[in-house]
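Some notes on the structure that comes next.
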Amino acid sequence: MAPKLRVLVSTQQGYPPSTPCAVNSAEPTKINTDGFEGDLWVFIEGYNGDLNKGQEDAYFKVKGREGMSYGIVVRGKYKKPFNADQLVFGNVFEKPIRDNLPWGTSIATKFMYFVDPTVEADIYADKPWALSPALATMAHLSLRDGDGDGDGGQKGEKKPYIEEDSLDWIEEAVEAMDIPSYSNSNSNSNEDEKAQISARRKWLTKSSNRQLIDVKEDTEVGMEFCNGLLDFNTLSATLPSPFNLQIPLLKYWDGQPVTYVCQDKTPSGECPVGAGSGGGGNKVHWSVAFEIVDEDAKAQLVKKGGEVLSHGEADAHSDDKTKASEDESEREAVG
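As numbered in the UniProt record's numbering, residues 1 to 335 make up the sequence shown, in order.
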């Protein structure tokens, strides 16, 4: 049986994610952080864990999601304008993972750069990370000016997936001669969407092109990250041909959650993990964490000398310390 999981999201603060999130729900989780306001959905095929709403078909039956094993869908507005070269998305870890990396890590790293040439990473750092320009790396991207209806389609209907329409917006917003064209016939809308996704991702591979795109705070941004590499039934990752590698993730689990962040790009030489949480200029706009909460898996980890790190527990401890400090200050004031 698959290990029990829990998903946490950032609903009021960008990082760390500490609010339990419904999974496989057609209804979104609301997000309102310092940097972003909107809706978020998380879908996991074969999910065994907390707050499972059992509405997988709302996502996995949608065209273009065949073969996907999970998806993170976000739709809303960033509270300040941003440049496409300065907004990044990817994974961060609070503790080193270098001592727990599996055999085949070098192959997995080559695969990572193969599928996303824009990614920058340091998996051997004290706080490891792998981040890509957000508008380039997303599997599906939507950009719409004005108030919008916030539904991604028919008014009054909140679709739990993103319909690609980014190049139409980019063509109107950016003065550039080499913005790629794509088929826009109605004969096969699914193929048209694939063509637009491919063209958008290829064009945004260049930093000089990303620098041309400024997204205003009144622009509705729809972002969807998904793939079929992870099997949540076996908790393993499988890389396709020509890499041909399967990694049993639970075997190498070091107690940390897998955390996805969308944040400002960190200046060169600075650690991007947890950025902004200490009042710095770099801001995490929203984040999602996948945690193992299975008691058997946790017991096995402890036997090996490991320790479970939970964003939710860390946040609760932080709140407890803050409250204790406030109580102490009140007692001193009274005294």
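All C-beta atoms, glycine included, are put in the ideal place defined by N, C-alpha and C.
What you are looking at is a predicted structure, and each value in this text was computed from that prediction instead of being measured.
- Note on Y113: under 16 other CB atoms within 10 angstroms of its CB, so exposed under the neighbour-count rule.
- When rounded, the separation of the alpha-carbon atoms in E45 and E56 is 7 Å.
- A residue is called buried once 16 or more other Cβ atoms fall within 10 Å of its Cβ, and K159 is buried on that count.
- For R144, the enclosing beta strand (DSSP E) stretches over residues H140 to R144.
- Counting along the chain, T29 sits inside the beta strand (DSSP E) bounded by residues T29 to N32.
- DSSP places E171 in the uninterrupted alpha helix (DSSP H) bounded by S166 to A173.
- Excluding sequence positions up to five before and after V258, its CB lies within less than 6 Å of the CB of F290, all in the same chain and listed in chain order.
- Per the Cβ contact rule, the region 67-84 is in contact with the region 28-46 (3 or more Cβ pairs under 8 Å).
- N227 counts as exposed, since fewer than 16 other C-beta atoms from the protein chains shown sit within 10 angstroms of its C-beta.
- In this structure, DSSP gives S287 an extended state, which the three-state scheme calls strand.
- Restricting attention to D264, E270, W169 and K298, the CA atom closest to the CA of W286 is found in D264.
- For D214, the closest alpha carbon among the candidates F243, T266, E172 and C262 is that of E172.
- Taking every protein chain shown into account, the CB of G269 has fewer than 16 other CB atoms within 10 angstroms, so this residue is exposed.
- For I72, DSSP records a beta bridge to V42 and F225.
- Looking at the backbone, the Cα of S166 and that of G305 are separated by about 48 Å.
- Counting the other Cβ atoms within 10 Å of the Cβ of A176 gives fewer than 16, which makes it exposed.
- By the neighbour-count definition (other C-beta atoms within 10 Å, threshold 16), K61 is an exposed residue.
- In this structure the region 77-84 touches the region 196-216; the number of beta carbon pairs closer than 8 Å is three or more.
- The three-state secondary structure of F82, taken from DSSP, is strand.
- Residue pairing by DSSP places W129 opposite V92 and D122 in a beta bridge.
- In terms of CA proximity to A58, E27 leads the group D192, C271, I31 and E27.
- When secondary structure is reduced to three states using DSSP, R65 falls in the coil class, being assigned neither helix nor strand.
- The beta carbon of H140 lies closer than 6 Å to those of I162, E164 and E224 in the same chain, with the five residues before and after it left out.
- The continuous beta strand (DSSP E) containing Q246 extends over residues L245 to P248.
- The three-state secondary structure of S236, taken from DSSP, is strand.
- Annotation: S10 to P16 spans about 7 Å, alpha carbon to alpha carbon.
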